[in-house]
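Taking the numbering used here, the leading residue of the sequence shown gets -9, the next gets one more, and so forth.
Beta carbons: idealized from backbone N, C-alpha and C, even for Gly.
Please read all numbers here as calculations on a predicted model, not as lab measurements.
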Amino acid sequence: SPLIERSLVLVLAPHILGRATREASNLTLRTLKSMFGGLSRSLEDKSIAEQLPDDVRTARSLLGLDPSTITYAACPDCNRVYPPGGSE
């Protein structure tokens, strides 16, 4: 639903771009769930609250914004970085 997507963007923008903590972003998610589910009498709003995730990591996955990481090895003496699976 467009309202859910907008709500997730509202949570994820400060989390990704502004480096908001996971705890702060999860608090925003819980606040949105409360607003849609607890403060409203509409069944549609309660349904939206049920569809919002509880954790910002789930929100990232729902929008396809999972980070990808590559782990490199570094020499403790010279700090040279080696790619994964390298034969050097």
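Rounded to whole angstroms, the separation of the alpha carbons of L7 and M25 is 24 Å.
With contacts defined by Cβ atoms closer than 7 Å, D56 and R50 form a contacting pair.
The criterion of a C-beta distance shorter than 7 Å is satisfied by V1 and T18.
Excluding its 5 nearest sequence neighbours in each direction, K23 has C-beta neighbours in its own chain below 7 Å: A39, L42, listed in chain order. In the same chain as L(-7), and ignoring 5 residues on each side of it, the C-beta atoms closer than 8 Å to its own belong to I38, in chain order. Of P66, C68, D67, P74, the smallest CA-CA separation from T59 is found for P74. In this structure, the beta-carbon distance from V46 to S(-3) does not fall below 7 Å. For H5, the CB contacts under 6 Å within the same chain, skipping 5 residues up- and downstream, are S15, V46 in chain order. For L52, the enclosing alpha helix (DSSP H) covers residues 46 to 52.
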